[in-house]
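Residues -11 to 130 (the numbering used here) make up the sequence shown, in order.
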Amino acid sequence: MDYNFDLAVRQGGFFTNHLFQFARILAFCFLGEVCHAVLPLPVPASVYGLVLLLLALNFRLIRLEDVKEVGVFLTGIFPLLFVPAAAGVMELWAEMGEMLLPIIIAIIPVTVLVMVTAGKTTQALTSRKKNKETAANDGIAE
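Here it is as structure tokens:
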């Protein structure tokens, strides 16, 4: 009896597939926590986990299909995950009042920088994709 575990997971039901996708993402979160505890760098554990997941995807240690559906779901509910942090800020509003000017001075340039960087990155990736499609279409036409 030849039993292929990966094939069984792919052929499993909706719940089984999503459970294993979530477990894979959780494993990289755990590895990020381990890296944060071991490495003496001021990098958050979540960043380590994301970088490790990115490397695993780039080096094809895991396939995108192995984490895609749950990843899309998690990014869809992402704003909801900020509610506890926003509630904590509201509790500390009195203490933050005296630091309001430095906070605003820090937030505005960083927000603009993030927006410009995201826009330029999106433009670069879009033009790169269009160039590839044009090259592919030109190759077919010849």
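Ideal placement from N, C-alpha and C gives every residue a C-beta, glycine not left out.
PRO72: member of the alpha helix (DSSP H) spanning 71 to 79, first to last residue. In the structure shown, ARG48 adopts coil according to DSSP, grouped into three states.
The count of Cβ pairs closer than 8 Å, one atom from the segment 0 to 14 and one from the segment 49 to 60, reaches three, so the stretches are in contact.
With 16 or more other Cβ atoms from the protein chains shown falling within 10 Å of its own Cβ, PHE16 counts as buried.
Shown here, ILE65 sits in coil according to DSSP, grouped into three states, outside any helix or strand. The continuous alpha helix (DSSP H) containing GLU21 extends over residues 2 to 26.
Around the C-beta of GLY76, fewer than 16 other C-beta atoms lie within 10 Å, and the residue is accordingly described as exposed. In the structure shown, PRO90 adopts helical secondary structure according to DSSP, grouped into three states. Here the alpha carbons of THR99 and LYS120 stand approximately 32 Å from one another.
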